[in-house]
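Chains C and F, in that order, give the protein sequences.
Quick note: the first sequence uses the numbering used here, first residue 1, plus one each step.
Quick note: the second sequence uses the numbering used here, first residue 1, plus one each step.
We put the CB at the ideal spot given by N, CA and C, even for glycine.
Everything below concerns the one structure shown next.
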Amino acid sequence: MTAQEIHDILKSQFGDAILEAKLENVPDPFIKIQTEKIKEAAEFTKSDERLQFDYLMCLSGVDYKGKLGITYHLYSMTHRHKIVLKIEVPTETPNVPSVESVWKTANWHEREAFDLFGFNFIDHPDQRRILLPDDWEGHPLRKDYQTPEFYNGMKVPY
Amino acid sequence: MIETPIQAIKTSTGRILRTEEMVVNMGPQHPSTHGVLRLEVVLDGEIVVDVIPHLGYLHRCFEKHCEHMTSYQQVIPYVDRMDYVAAMTNEHAFVVAAEKLLKIEVPERVHYIRIIMAELQRIASHLIAIGTFGIDMGAFTPFLYYFRDREKILELFEMTCGARLLYNYIWIGGLSHDIPPQFVEKTKEFCTDFKKTLKEVNDLLNYNEIFIKRTANVGILPKDLAINYACSGPMLRGSGVDFDLRRDDPYTLYNKFEWDVIVGKGEMGTVGDVWDRNIVRQREMWESLRIIEQAIATLPEGDVQKAVPKRIRPVPGDAYGRVEGPRGELGFYIVAEDSVTPYRIKARAPAFVNLSVINAISKGAMLADLVAIIGSIDIVLGEVDR
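What follows is the structure in structure tokens.
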């Protein structure tokens, strides 16, 4: 199924919640969706007979300076097609519904996004830091991140 | 998973002893965690109730470093250090993503050499995976045989680019060097010699009665669970999913060659058990040899540096490129702004994703079987922690 057809199915299901779509002349066609609807959209894309996106390839946080975004790369093992979903949230209130209940693999990806970007995933069962120490302060992949001078009494930039 | 009934232990006077759950920390310095991984294991006697992995001991801020490069090419030595036993594959994955973003077409010769390198690297990585897995299971000899032959692959790499582990060989748009004149002959020699070892170790290890007893019906990963956890590579194929990016999402010229996708069939027990995952790796090496031999025989001529860009400044946008690494789907998500520095790079490390399923497949197993399960996932902590 082409990106256009996938977009049409999502558009007819979610209407105005589809904010933007770029389907041609880009390396990966993407559809931007309202943050509040992302979990619903995830459930729909996975369960719908025509789409069956059962494989979440990747979930990446991005800091767009002023707002944070998440990119979901979806793939269907049955139909062998793919699509990219994107959402954006303000940096001050980075609340995103978790898609962990749809794709279990999102668990660790979301933990990583929380760890490095400071997203708050609503209904995530186990939102802990994953790569950094539990007592680390701040979220290093944010563009305005300042490296702390000391960590537990140790000087950080040697 | 095997349901083991836990029977109440009685003293000779008939008093029932209480059992308590306990927490055992396995790692970070434990030989069978294959690196610095700490597993917090909750045990009921010898039965695993819960496994909580703790990562990050080898976190080197790969993604943060990339945002401070002055060129896209500078990222390549960093990706080498992610999965340090399969550095060629990492470079390949990164350049596939970058070339997708930059819309670069590389000459056919470059594709061929990349395929040869990627498949040699797959063999080298599987040799470590199976060798160390054998040690976990108490078989020391295959490890020595496999390391001896892995050395020959490293010599081929050394001959090509001067480095044995971290190559910086595959560049965006091409390669750092063409292959040396004696490479073709040496690779052919290696392919012939290596088949003997493969057969020998296959008989010695994979069909060994003790090995089968330790691995069959252990750590079963059902098909649906594997897809839901986005497992990939031998993990996914071991569970009976006929899926290989080289064939199903072609990123280079693999469709020019004849080879088969190996899928676990549950020959010794259930589909998706540890034995299946291991045998998928073993048989994939034969397929890699087939690809290498065909690629060597039909290697086209050309200039490998022809498409290497002098200066890289992509159009703002993003691209996700993925390749089939030895451990599975290795993907790079690159976000570019109008600059020579990458804005954001996310590595989708197969070992990271595959490891996340460990809790789901270890519940109810014995502690000793947990070692088999970790070994069969084939993690490289450099890639898990990045």
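Residue 59 of chain C in three-state terms, based on DSSP
As a first step, residue 59 of chain C must be located in the first sequence, where it is residue number 59. Looking at residue 59 of chain C - three-state DSSP - the assignment turns out to be strand.
Paired residues, beta bridge with residue 54 of chain F - DSSP:
The residue labelled residue 54 of chain F in the question sits at position 54 within the second sequence. Residue 54 of chain F is bridged to F:38.
How would you label residue 346 of chain F, buried or exposed, when you count the other beta carbons within 10 angstroms and need 16 or more for buried?
Taking the second sequence and counting its residues from 1, the one referred to as residue 346 of chain F is at position 346. Counting C-beta atoms within 10 angstroms of its own C-beta, residue 346 of chain F has 16 or more neighbours from the protein chains shown and is therefore classed as buried.
Taking just the CA atoms, how far does residue 14 of chain F sit from residue 353 of chain F?
Position 353 of the second sequence, counted from the first residue, corresponds to residue 353 of chain F. Position 14 of the second sequence, counted from the first residue, corresponds to residue 14 of chain F. If I take the Cα positions, the gap works out to 48 Å.
Pick helix, strand or coil for residue 129 of chain C, following the three-state DSSP scheme.
Within the first sequence, numbered from 1, the residue matching residue 129 of chain C stands at position 129. In this structure, residue 129 of chain C counts as coil in the three-state DSSP scheme.
Determine the chain F residues that contact residue 80 of chain C at a beta-carbon separation under 7 Å, and present them in chain order.
If you number the first sequence from 1, residue 80 of chain C lands on position 80. Chain F residues near residue 80 of chain C: 248.
To be precise: take each residue of the stretch 34 to 65 of chain C, compare its Cβ to all Cβ atoms of chain F, and keep it if any distance is under 7 Å. Which residues remain?
54, 55, 56, 57, 58, 60, 62
Coarse secondary structure for residue 360 of chain F, derived from DSSP in three states:
Residue numbering aside, residue 360 of chain F sits at position 360 when the second sequence is read from its first letter. Correct three-state label for residue 360 of chain F: helix.
Throw me the rounded Cβ distance for the residue 59 of chain F and residue 132 of chain C pair, which I believe falls under 8 Å.
By one-based count along the second sequence, residue 59 of chain F stands at place 59. By one-based count along the first sequence, residue 132 of chain C stands at place 132. Their Cβ separation, rounded to whole angstroms, is 7 Å, which keeps residue 59 of chain F and residue 132 of chain C in contact under 8 Å.
Since residue 269 of chain F contacts residue 222 of chain F with CB under 8 Å, what's their CB separation in whole angstroms?
The residue given as residue 269 of chain F occupies position 269 in the second sequence. The residue given as residue 222 of chain F occupies position 222 in the second sequence. Contact doesn't hold; Cβ gap of about 13 Å is too wide.
Under 8 Å Cβ to Cβ from residue 143 of chain F, same chain only, skipping five residues before and after it: list those, please.
As a first step, residue 143 of chain F is located in the second sequence; it is residue number 143 there, counting from the start. Only 131, 132, 134, 135 meet the Cβ criterion.
Does residue 101 of chain F come within less than 8 Å of chain C when only Cβ atoms are used?
Against the second sequence, residue 101 of chain F aligns to sequence position 101. For residue 101 of chain F, the answer is yes, since a Cβ of chain C falls inside 8 Å of its Cβ.
Which residues does DSSP pair with residue 123 of chain F in a beta bridge?
Position 123 of the second sequence, counted from the start, is the residue given in the question as residue 123 of chain F. Answer is none; residue 123 of chain F lacks a bridge partner.
Run through DSSP, which three-state label would residue 71 of chain C get?
Here residue 71 of chain C refers to the residue found at position 71 when the first sequence is read from its first residue. Note: residue 71 of chain C maps to strand in three-state DSSP.
If we count the other Cβ atoms within 10 Å of its Cβ and call it buried at 16 or more, is residue 150 of chain F buried or exposed?
Within the second sequence, numbered from 1, the residue matching residue 150 of chain F stands at position 150. With 16 or more other Cβ atoms within 10 Å, it is buried.
Where does the unbroken alpha helix (DSSP H) through residue 322 of chain F begin, and where does it stop?
Counted from its first residue, the second sequence places residue 322 of chain F at position 322. That residue, residue 322 of chain F, is in no alpha helix (DSSP H); its beta strand (DSSP E) goes 317 to 324.
Would you mind giving the Cβ-Cβ distance between residue 325 of chain F and residue 86 of chain F, rounded to the nearest angstrom? I have them listed as a contact below 8 Å.
In the second sequence, the residue the question calls residue 325 of chain F occupies position 325. In the second sequence, the residue the question calls residue 86 of chain F occupies position 86. Confirmed, about 6 Å.
Short check: CB of residue 96 of chain C to CB of residue 121 of chain C, under 8 Å?
Along the first sequence, one-based indexing puts residue 96 of chain C at 96. Along the first sequence, one-based indexing puts residue 121 of chain C at 121. Yes, the pair counts as a contact, with Cβ atoms nearer than the cut-off.
Should the stretch 38 to 49 of chain C be called in touch with the stretch 302 to 320 of chain F, which here means at least 3 C-beta pairs below 8 Å?
no
Three-pair Cβ contact test at 8 Å for the stretch 260 to 268 of chain F versus the stretch 67 to 78 of chain F
no
Assigned exposure category for residue 121 of chain F - 16 Cβ within 10 Å defines buried:
Start at 1 with the first residue of the second sequence, and residue 121 of chain F comes out as number 121. Answer is buried; the Cβ neighbour count reaches 16.
How close, in whole Å, do the beta carbons of residue 359 of chain F and residue 50 of chain F come, if the pair is a contact with beta carbons under 8 Å?
Locating residue 359 of chain F in the second sequence gives position 359, counting from the first residue. Locating residue 50 of chain F in the second sequence gives position 50, counting from the first residue. That belief holds up - the Cβ atoms of residue 359 of chain F and residue 50 of chain F are roughly 7 Å apart, short of 8 Å.
Reducing DSSP to helix, strand and coil, say where residue 79 of chain C ends up.
In the first sequence, counting from the first residue as 1, residue 79 of chain C sits at position 79. Coil at residue 79 of chain C, not helix or strand.
So residue 59 of chain F contacts chain C; which residues on that side make the cut at Cβ distance below 8 Å?
Reading the second sequence from its first residue, position 59 is the one you call residue 59 of chain F. Residues of chain C passing the Cβ test: 131, 132.
Give the DSSP bridge partners of residue 344 of chain F, in chain order.
The residue labelled residue 344 of chain F in the question sits at position 344 within the second sequence. Beta-bridge pairing links residue 344 of chain F to F:335.
If you follow the alpha helix (DSSP H) that residue 212 of chain F is part of, which residue opens it and which one closes it?
Residue mapping note: residue 212 of chain F aligns to position 212 of the second sequence, counting from 1. Unbroken alpha helix (DSSP H) run through residue 212 of chain F: 209 to 215.
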